[in-house]
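> Encoded as structure tokens, here's the structure I'll be asking about.
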Amino acid sequence: MLRAYPMWATSLQLEFVDTDGTPVKVAKAELLLSAWGVEAERIELETSSDGLRLELEPEWLRSHGPAGWLSAPGGGPIERYVGAHLYLQAPPLAAIQSDRFQWPSGVPGDGPDPGRGTIITFPRGQEAVVPQGQDVSMTLVFRAKAQRRVRFVDRTGRPWSNFSFHASMFWSDHNRCAILTGSESLGSHVTDAAGWGELPDGEFVYALGIQWPHVYAGRSLEDSRTPWRLATRLSDPGIAVVVRELKVRPLEVRVQRGGRPAAGLHLRAMGAFCVCGACDGPVGTTDEDGRIRKEDFRPDSVDEIWLVDGDTEVWRSPSTWGIVEIDL
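Mapping the sequence shown onto the numbering used here, position 10 (from 1) lands on 91, and the numbers just tick up by one.
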């Protein structure tokens with residue numbers, strides 16, 4: 082249930098029109114509030130025939146946030162740590178998402194520039210500069226929906242047909258584990274024979290989650306801390322996404338202790354791109370000949386490998402492949 086609050090000093094009054102200048106009634110307006118170390122909170126805002134009035138004061142934030150928002154992870158006022166996205170939906174027009182903006186702290190001089198409370202940027206270059214203690218008005222333009230497609234290809238340009246992926250809008254991954262919070266699903270999709278997948282249109286950042294084993298999107302594995310997910314706007318009718326496969330390179334470990342095969346040692350591996358811990362697991366155990374053979378090993382999916390004898394680590398190495406000889 083929405084509550085009424087008094088008019089605060091710092092605010093943004095938004096009016097909405099289409100590309101012809103005709104007034105638009107917004108069906109749903111929301112804020113996604115995010116702060117490091119605190120679970121994101123999605124809050125529905127009240128709109129009227131005049132548009133939307135967004136109160137940008139610390140008092141508004143404290144009164145709307147749950148108990149966990151009242152104390153900042155690093156101490157001090159929580160509003161100094163909070164960022165927000167504004168989400169606007171007015172079917173059948175394309176939905177709009179603002180870029181992430183810093184919540185005004187209410188302290189003079191705080192903000193993106195001295196004397197400014199915050200800057201809220203929307204698609205197509207629309208921007209609202211809201212100084213501390215001022216009420217700013219802005220007209221935001223919704224456009225008609227258009228066709229949006231994404232094409233998945235391999236590094237040679239050949240299409241990935243029947244490629245599965247999931248799409249989300251209105252999300253944040255501003256947290257230690259890079260988990261999507263506040264997201265709204267746009268469904269699971271499968272590409273056609275030419276590698277194309279259709280997507281609902283909107284002026285927001287899409288999160289495209291890859292539902293395919295041993296592949297990643299991007300130019301290299303180092304491009305992102307979440308190579309299994311691609312974040313992109315779709316400003317053109319169609320874009321191509323290069324999907325690269327993690328290559329299989331067999332690994333054979335040969336272990337000796339005092340010149341004799343060492344049986345019963347456990348080889349473990351730490352997964353690459355582990356953003357939240359607990360990403361290690363078993364690879365194999367040395368046999369009576371002191372060997373472990375892993376035919377389907379993918380070294381790029383692993384950061385480190387190590388040997389354990391009981392509870393004791395006896396050897397460690399960066400990820401590798403081929404024949405590895407170890408003399409303990």
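C-beta: ideal position from N, C-alpha, C; glycine also.
#1: In terms of residue numbering, what span does the beta strand (DSSP E) encompassing W387 cover?
#2: To the nearest angstrom, how far is it from the Cα of T393 to the Cα of L409?
#3: Consult DSSP for L174 and reduce its assignment to one of helix, strand or coil.
#4: Return the CA-CA distance between R314 and A359, expressed in angstroms with no decimal places.
#5: Should A343 and Q337 be called a contact, given that it needs their Cβ atoms to be closer than 8 Å?
#6: Quick one: grab the DSSP three-state call for W277.
#7: What residue does the beta strand (DSSP E) around S245 start on, and which one ends it?
#8: Here's the rule I'm using: 16 or more other beta-carbon atoms within 10 Å means buried, otherwise exposed. How should P104 be labelled?
#9: Between the segment 218-237 and the segment 258-266, do at least 3 Cβ pairs fall closer than 8 Å?
#10: Please report the distance separating the alpha-carbon of P204 from that of L114.
#11: Leaving out the 5 sequence neighbours to the left and right, which residues in its chain are closer than 6 Å to L169 when beta-carbon positions are compared?
#12: Can R349 and I407 be called in contact, C-beta distance under 8 Å?
#13: Using a Cβ-Cβ cutoff of less than 8 Å, which residues in the same chain neighbour V296 once the five nearest sequence positions on both sides are dropped?
#14: Classify P399: buried if its beta carbon has 16 or more other beta carbons within 10 angstroms, exposed otherwise.
#15: Could you name the residues of the same chain whose beta carbon sits closer than 8 Å to that of T100, not counting the 5 residues immediately before and after it, in chain order?
#16: Measure how close the beta-carbons of R230 and P173 come, nearest whole angstrom, since I'm counting them as under 8 Å.
#17: Relative to the C-alpha of T202, which residue among G362, L95, E127 is closest?
#18: Roughly how many angstroms separate the alpha carbons of A171 and E284, rounded to a whole number?
#19: From which residue to which residue does the beta strand (DSSP E) around E140 run?
#20: With 16 other CB atoms within 10 Å as the buried threshold, where does P331 fall?
#21: When we look at the beta-carbon of P308 and count the other beta-carbons within 10 Å, is it buried (16 or more) or exposed?
#22: Quick one, which of M250, I291, E385, V286 has its alpha-carbon nearest W241's?
#23: By Cβ distance, which residues of its chain are closer than 6 Å to A274, with the 5 residues on each side in sequence left out?
#24: Could you check if R310 is buried or exposed, using at least 16 other CB atoms within 10 Å of its CB as the buried criterion?
Looking at the atomic coordinates:
#1: 383-390
#2: 13 Å
#3: strand
#4: 32 Å
#5: yes
#6: Judged by DSSP in its simplified three-state form, W277 adopts strand.
#7: 245-250
#8: exposed
#9: no
#10: 19 Å
#11: V107, A110, I177
#12: In this structure, I407 does not lie closer than 8 Å to R349 by Cβ.
#13: V324, R325, E326, L327
#14: By the 16-neighbour rule on beta-carbons within 10 angstroms, P399 is exposed.
#15: V222, F223, R224, A225
#16: The C-beta distance from R230 to P173 rounds to 19 Å, too long to meet the 8 Å contact threshold.
#17: Nearest C-alpha to T202: L95.
#18: 12 Å
#19: E140 -> not in any beta strand (DSSP E); alpha helix (DSSP H) instead, spanning 139-145.
#20: exposed
#21: Burial call: buried.
#22: I291
#23: S242
#24: buried
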